[in-house]
Amino acid sequence: MPINYYIFLSIALFAIGIVGVLTRRNAIIIFMCIELMLNAVNLLLVAFSKMHHMKALATDAATTVGTDGQLFVFFIMVVAAAEVTVGLAIIVMMYRNIHSVDVNFLNRLKH
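What the sequence shown shows, in the working numbering, is residues 1024 to 1134, in sequence order.
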């Protein structure tokens, strides 16, 4: 499959994530849109890694060139799992204290 399809899909996912972050007030939806943007970047990184690996494989059959991007994606997913844990804990504590997950309500807590 051509790399253009991966690029267009990644741009579409990232754009949906940006629109969700900028237009929604619900903290859980915003959090999911941030994760969507992170996964769009991961998809693009894996696609370019695979493309680079296929070009290197054409010249040398025993090459490991191009697998670094997939390793980066693995570590990004590990960090994202930790981020989800901490973020959901913060959202749950926010809901327990103020009985709402509306982000605009947090502006009132400054004063």
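Backbone N, C-alpha and C define an ideal beta-carbon position, used for all residues, glycine too.
Burial state of Met-1060 is buried, judged by a 10 Å Cβ sphere holding 16 or more other Cβ atoms. Counting C-beta pairs closer than 8 Å gives fewer than three between the stretch 1031-1048 and the stretch 1093-1112, which falls short of the contact rule. The three-state secondary structure of Asp-1083, taken from DSSP, is coil. Counting C-beta pairs with one atom in each stretch, the stretch 1060-1070 and the stretch 1034-1052 have three or more that are closer than 8 Å, which means they touch.
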